[in-house]
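Position one of the sequence shown corresponds to residue 395 (my numbering), numbered consecutively onward. Think of the CB as a built atom: it goes at the ideal place given N, C-alpha and C, for glycine as much as any other residue. Working notes, structure below.
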Amino acid sequence: MTGADYLLPLRTKLRSMRTESFGADPAGARMERIRRSPHFVDGAFQNPVGARIRPSGSTVEFAKTYFQKEQRALRTPNGGVPVHPTTLADLAAPPVSGLRLTWMGHSSVLAEIDGRRILFDPVWGDRCSPFPFAGPKRLHPTPLSLAALGPVDVVVISHDHYDHLDLPTIRALAGTDTVFAVPLGVGAHLERWGVPAARMHELDWNETATVAGISLTATPARHFCGRGLRNGQHTLWASWVVAGPEHRIYHSGDTGYFPGFRDIGAEHGPFDATMIQIGAYSEYWPDIHMTPAEGMRAHLDLQGGRPHGVLLPIHWGTFNLAPHAWAEPGEWTKDAGEEADQPVAFPRPGEPFEPAGILPVEPWWRALSPVLARLSGEQTGSGRGPAPAARGDLDLAGER
């Protein structure tokens, strides 16, 4: 290190040490466009309604809960997660109804809609982390390789957290002809990883791109962004509406519950299927992820306040990202669906289904989990107990 190196600002030094997996910060014309966004206020993207993005409560109390031996045992399956064995063969024929969904695990879903193939939040990496040796590790293998998946028309990214935007996966897809649809600012990461700007549609909320006759609209979500412990909220997060000539679907990305679901439904719905985040929630971060009960409420809001279409639960079962039991999101979503008389699909990872056909409804997770108590009363409506008393922020929000 030379003497001049000591004169460099600390921020510049830290940026120079960042590995490629951290991505890139928006700059130049991209940053100018971000500054013109009506959702970028006081130097940061803002949520549609107020949201606390850093966990509240005592770090000590959280650690006691998170590392308690009995609780840790509940957060992982007690056997191998049953991955669907014939995914490749099942995808060989086109969907009879024109719409087929295949949950690949976590928030990754292949949607075959009106003759086109849309891949949401593809994460094929072994860990959702900037490091190959640390961070949440996959609890089940991917149902098939990216190469075996075949051509994809559009890859849709909801936001830039590691469990939704995965460097090795994007690198592999960058070598294909697929087009990418991403929220504003996220294109900086993709360009660094080899995706040409000409193959990207980078959208602000309520902007639409059309690819091969399919419209893709970035819609609001209540979450946050960033691939480091500290970030400037310079990349947007989004949910997505995808509409073809005959069908329309919705992917929530990561979001807390907010009244905007009704607005999205009124403008773009109703939907043949919704893919709704129902895992990795906690009373320590109630504003940025939904519980199963809130996910069901969001689905009904999107459908005009009544049961309609099919709900596919996502963001659960693949990575251990929260204190709740591994099987809890599936079990409580099943309860919520029965109470609302709303059809819910529970495929094993890699199991294709058509929302207009016979749905996979077997609670397959029960063979891998102890019996979980059914929620009742006030808990059923919220999915949470009372929020913990605030004793300073827990600095754990990183890449949730």
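**Three-state class that DSSP yields for residue 759 in the structure shown** = In the three-state scheme derived from DSSP, where H, G and I count as helix and E and B as strand, residue 759 is classed as helix.
**Message:** Can you look up residue 602 in the DSSP assignment and give me helix, strand or coil?
**Reply:** Note: residue 602 maps to strand in three-state DSSP.
**Message:** Suppose the cutoff is 6 angstroms on Cβ atoms and the five residues either side in sequence are ignored; what does the same chain contact list for residue 385 look like?
**Reply:** Limits of the chain in this structure are 395 at one end and 794 at the other, which puts residue 385 out of reach.
**Prompt:** So, residue 651 versus residue 612, is the Cβ gap smaller than 7 angstroms?
**Reply:** No, they are not a contact pair.
**Message:** Check this for me: beta carbons of residue 740 and residue 754, under 7 angstroms apart or not?
**Reply:** Remark: C-beta atoms of residue 740 and residue 754 approach each other more closely than 7 angstroms.
**Prompt:** Three or more C-beta pairs closer than 8 angstroms, one from the stretch 532–546 and one from the stretch 581–594: is that the case here?
**Reply:** Contact between the stretch 532–546 and the stretch 581–594 is absent: fewer than three C-beta pairs spanning the two stretches fall below 8 angstroms.
**Message:** Going by beta-carbon coordinates alone, are residue 578 and residue 598 separated by less than 7 angstroms?
**Reply:** Cβ atoms of residue 578 and residue 598: closer than 7 angstroms.
**Request:** Measure how close the beta-carbons of residue 512 and residue 550 come, nearest whole angstrom, since I'm counting them as under 8 angstroms.
**Result:** With a Cβ gap of about 6 angstroms, residue 512 and residue 550 count as contacting.
**Message:** Please report the distance separating the alpha-carbon of residue 715 from that of residue 674.
**Reply:** Cα to Cα, residue 715 sits roughly 5 angstroms from residue 674.
**Prompt:** Could you give the uninterrupted runs of the beta strand (DSSP E) lying entirely in the stretch 657–714, keeping only those of 3 residues or more?
**Reply:** As far as the stretch 657–714 is concerned, its whole beta strand (DSSP E) runs of at least 3 residues are 667–671, 704–708.
**Item:** C-beta atoms of residue 485 and residue 542 nearer than 7 angstroms
**Value:** Taking 7 angstroms as the cut-off, the Cβ atoms of residue 485 and residue 542 do not count as close.
**Request:** List the whole-angstrom C-beta distance separating residue 695 from residue 616, where the pair is believed to meet the contact cut-off of C-beta under 8 angstroms.
**Result:** In fact, because the Cβ distance is near 13 angstroms, the residues do not count as touching under 8 angstroms.
**Asked** How many Å lie between residue 718 and residue 427 at the Cα?
**Response** One C-alpha to the other measures close to 39 angstroms.
**Prompt:** Given residue 683, which residues of its chain have a CB within under 7 angstroms of its CB, disregarding the five upstream and five downstream residues?
**Reply:** In the same chain as residue 683, and ignoring 5 residues on each side of it, the C-beta atoms closer than 7 angstroms to its own belong to 648, 650, 671, 674, 675, in chain order.
**Prompt:** Taking all protein chains shown into account, do 16 or more other C-beta atoms lie within 10 angstroms of the C-beta of residue 677, making it buried, or fewer, making it exposed?
**Reply:** Label assigned to residue 677: buried.
**Request:** Ignore the nearest five residues each way along the sequence and tell me which others in residue 507's own chain have a CB closer than 6 angstroms to its CB.
**Result:** Cβ-Cβ distances below 6 angstroms link residue 507 to 493, 638, 641 in the same chain, with the five nearest sequence neighbours on each side left out; the list follows chain order.
**Message:** Buried or exposed, going by whether 16 or more other CB atoms sit within 10 Å of the CB of residue 560?
**Reply:** Burial call: buried.
**Prompt:** For residue 618, which residues does DSSP report across the bridge?
**Reply:** According to DSSP, which records beta bridges pairwise, residue 618 is partnered with nothing at all.
**Prompt:** Quick one, are the C-beta atoms of residue 533 and residue 475 less than 7 angstroms apart?
**Reply:** With respect to residue 475, residue 533 sits close: the two C-beta atoms are nearer than 7 angstroms.
**Asked** In chain order, what residues of the same chain lie with their CB nearer than 6 angstroms to the CB of residue 510, ignoring the 5 residues before and after it?
**Response** Exclusion of the five residues before and after residue 510 leaves 547, 606, 608 as the residues of its chain whose Cβ lies within less than 6 angstroms of its Cβ.
**Message:** Is it buried or exposed, residue 604, if we count other Cβ atoms within 10 angstroms and call 16 or more buried?
**Reply:** Classification for residue 604: exposed.
**Request:** Determine the contact status of residue 553 and residue 619, defining contact as a CB-CB distance below 7 angstroms.
**Result:** Yes.
**Message:** Suppose the cutoff is 8 angstroms on Cβ atoms and the five residues either side in sequence are ignored; what does the same chain contact list for residue 573 look like?
**Reply:** The answer, listed in chain order, is 547, 548, 549, 593, 594, 595, 605.
**Request:** Keeping to the same chain, check which residues put their C-beta closer than 8 angstroms to that of residue 528; ignore five residues upstream and five downstream.
**Result:** Apart from sequence neighbours up to five positions away, the residues of its chain that approach residue 528 with a beta-carbon distance below 8 angstroms are 521, ordered along the chain.
**Asked** Excluding the five sequence neighbours on either side, which residues of its own chain have a C-beta within less than 7 angstroms of the C-beta of residue 686, listed in chain order?
**Response** Counting only Cβ-Cβ distances below 7 angstroms, and skipping sequence neighbours, we find 672, 723, 726, 727, 730, 777.
**Message:** List, from N- to C-terminal side, the beta strand (DSSP E) runs of 3 residues or more that fit wholly inside the stretch 497–568.
**Reply:** Counting whole runs of 3 or more residues, the stretch 497–568 contains the beta strand (DSSP E) stretches 502–507, 510–514, 548–550.
**Request:** Determine the extent of the beta strand (DSSP E) in which residue 612 is found, giving its start and end residues.
**Result:** Start and end: 608–613.
**Message:** Measuring only the C-alpha atoms, how far is residue 762 from residue 440?
**Reply:** Rounded to the nearest angstrom, the two C-alpha atoms are 40 angstroms apart.
**Message:** Buried or exposed, going by whether 16 or more other CB atoms sit within 10 Å of the CB of residue 629?
**Reply:** Buried, since its Cβ has 16 or more Cβ neighbours within 10 Å.
**Asked** Does DSSP classify residue 771 as helix, strand or coil?
**Response** Note on residue 771: pLDDT 40, under 50, position unreliable in the model; no value is reported.
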